[in-house]
Amino acid sequence: MIAYRATLDVPRELVQFTAKLLAAERRRRGTPKGSRALTCFWEAVLGLRWFRDRTAPGALARDHGISRATAYRYLDEVITVLAGQAPDLRQALERARDEGAAFVIPDGKVIPCDRCKEPAVSVKGEVIDLWYSGKARCHGGNVQAVTAPGGFPLWVSEAEPGSVHDLTAARLHALPALYRAAARGLPVLADPGYEGAGIGIKIPVKQPPDGRALDRGNRTRNALQRSLRCPGERASALLTQRWRALQHITASPGKITQIARAALVLTHFEHSSIK
Numbered sequence: 000m001i002a003y004r005a006t007l008d009v010p011r012e013l014v015q016f017t018a019k020l021l022a023a024e025r026r027r028r029g030t031p032k033g034s035r036a037l038t039c040f041w042e043a044v045l046g047l048r049w050f051r052d053r054t055a056p057g058a059l060a061r062d063h064g065i066s067r068a069t070a071y072r073y074l075d076e077v078i079t080v081l082a083g084q085a086p087d088l089r090q091a092l093e094r095a096r097d098e099g100a101a102f103v104i105p106d107g108k109v110i111p112c113d114r115c116k117e118p119a120v121s122v123k124g125e126v127i128d129l130w131y132s133g134k135a136r137c138h139g140g141n142v143q144a145v146t147a148p149g150g151f152p153l154w155v156s157e158a159e160p161g162s163v164h165d166l167t168a169a170r171l172h173a174l175p176a177l178y179r180a181a182a183r184g185l186p187v188l189a190d191p192g193y194e195g196a197g198i199g200i201k202i203p204v205k206q207p208p209d210g211r212a213l214d215r216g217n218r219t220r221n222a223l224q225r226s227l228r229c230p231g232e233r234a235s236a237l238l239t240q241r242w243r244a245l246q247h248i249t250a251s252p253g254k255i256t257q258i259a260r261a262a263l264v265l266t267h268f269e270h271s272s273i274k
């Protein structure tokens, strides 16, 4: 057996922030002092190792000298306390407007997860696999995000099964608040997948069905909108590349929502959006 040392490449302040949330949760539960196998600080380290490197819970348990079941329980606790700090969409949009954002960008991301076969009936009456996304060609959960013009993620939604279309997921979780924001002067730039979203949601002009080319004005409009929207694609990369746990979730698909929201809070803290 070969032993080696490793470094967790997150700011110490982030560990301390997470530890404070865990300490508050222990006080809320009335946990007796000294009754836990790990202090709040080391429980935070355990959770951040999983988010950052997708370290297997068995390895986390071994490294921290606790049982596998305890490692899972501590990891769930870290996810829960972080997810509880995530902003709702109304708060995120108000903050974006107060900070002078010229527009916001909605986008959908399928977060892969272990196969969880669950039959469902599609709108066409066919039996489908509820969690399978034909767009992403994998099983996962469809999470909607709203980003700032530079591509910084402001908010993430509850996860819908992978078979749910972006527009349907947006109608469930995002569009009502986005309509109000657009009416108050905060435009929403969306991709063609949100066609039919309604007034205030600006999408590119579609190619005419008869094959005719778009006129110059519409081509210019589409080019300008694409150039403004493209930084929005950075949001999913910022979350999934920094927090590798989002690259493939091995937990129940029902936990995708909390994991995505916890990763958002970690990102906000690292970029000084949370003090």
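Sequential numbering of the sequence shown, starting at 0, is according to numbering that gives the first Met the number 0. Using N, Cα and C, we set each Cβ at its ideal position, and we do this for glycine too.
Excluding the 5 residues flanking residue i on each side, which residues of the same chain have their C-beta closer than 8 Å to its C-beta?
{"i": "Pro203", "result": "Asp190, Pro191, Arg220, Asn221, Gln224, Arg225"}
{"i": "Pro56", "result": "Trp49, Arg67, Ala70, Tyr71, Leu74"}
{"i": "Ile255", "result": "Ile110, Cys112, Gly139, Gly140, Val142, Ala158, Ile248"}
{"i": "Gly197", "result": "Leu174, Tyr178"}
{"i": "Asn217", "result": "Val204"}
{"i": "Lys201", "result": "Pro186, Val187, Leu188, Ala189, Gln224"}
{"i": "Tyr193", "result": "Pro105, Asp165, Leu166, Ala169, Ile200, Ile202"}
Tell me residue i's beta-bridge partners as DSSP assigns them.
{"i": "Leu188", "result": "Lys201"}
{"i": "Val155", "result": "Ala144"}
{"i": "Pro160", "result": "Gly140"}
{"i": "Ile273", "result": "Beta-bridge pairing links Ile273 to no other residue."}
{"i": "Ile248", "result": "Cys112"}
Please return the same chain residues whose Cβ sits closer than 7 Å to the Cβ of residue i, not counting the five positions on each side in sequence.
{"i": "Ala176", "result": "Leu88, Arg89, Leu92"}
{"i": "Val44", "result": "Leu7, Val14"}
{"i": "Pro86", "result": "Trp154"}
{"i": "Ser276", "result": "The structure shown does not extend to residue 276, since the chain is modelled only from 0 to 274, so the question has no answer here."}
{"i": "Ala18", "result": "Cys39, Phe40, Ala43"}
{"i": "Ala9", "result": "Per the sequence shown, residue 9 should be read as Val rather than Ala. Once the five neighbours on either side are set aside, the close Cβ partners of Val9 are Leu47, Arg51."}
{"i": "Ala58", "result": "none"}
Keeping to the same chain, check which residues put their C-beta closer than 6 Å to that of residue i; ignore five residues upstream and five downstream.
{"i": "Ile104", "result": "Thr146, Leu188, Arg228, Gly231"}
{"i": "Val77", "result": "Gly46"}
{"i": "Phe16", "result": "Phe268"}
{"i": "Ile273", "result": "His267"}
{"i": "Lys108", "result": "Val142, Ser235"}
Can you tell which of the options has the C-alpha that lies nearest to the C-alpha of residue i?
{"i": "His150", "options": "Ala100, Phe268, Thr6", "result": "As written in the sequence, residue 150 is Gly, which differs from the His given in the question. With distances taken between Cα atoms, Gly150 lies closest to Ala100."}
{"i": "Ala180", "options": "Ala212, Arg94, Leu213", "result": "Arg94"}
{"i": "Pro186", "options": "Pro31, Ala144, Pro148", "result": "Pro148"}
{"i": "Gly140", "options": "Lys116, Asp62, Thr79, Val122", "result": "Lys116"}
{"i": "Asp97", "options": "Gly184, Phe268, Ala212", "result": "Gly184"}
{"i": "Ala144", "options": "Arg136, Pro207, Leu166", "result": "Leu166"}
{"i": "Thr239", "options": "Leu213, Ala250, Thr266, Arg218", "result": "Thr266"}
{"i": "Ala119", "options": "Ser132, Leu153, Arg61", "result": "Ser132"}
{"i": "Phe268", "options": "Gln84, Val122, Gln206", "result": "Gln84"}
{"i": "Thr79", "options": "Gln257, Gly195, Leu171", "result": "Gln257"}
Within 9 Å (strictly less), CB to CB, does residue i reach chain C?
{"i": "Ala135", "result": "In the structure shown, chain C cannot be found, because there is only a single protein chain."}
Taking 8 Å as the line, does the beta carbon of residue i fall inside it for any heavy atom of the ligand GTP?
{"i": "Phe16", "result": "By its list of ligands, the structure shown contains no ligand whatsoever, and the ligand GTP lies outside what it can speak to."}
Worksheet item: Can you give, in chain order, each stretch of the alpha helix (DSSP H) that sits fully within the stretch 82-150 and has at least 4 residues?
Response: 88-97
Item to complete: Evaluate contact between the stretch 258-266 and the stretch 234-245, counting only Cβ atoms and requiring at least three cross-stretch pairs below 8 Å.
Response: yes
Worksheet item: Are the stretch 6-22 and the stretch 31-46 in contact at 8 Å, needing three or more beta carbon pairs?
Response: yes
Discussion item. Below 8 Å, how does it come out for the stretch 158-174 and the stretch 120-135: are there three or more Cβ pairs, yes or no?
Written reply: yes
Item to complete: List in chain order: all unbroken alpha helix (DSSP H) runs of 4+ residues lying wholly within the stretch 219-265.
Response: 233-241
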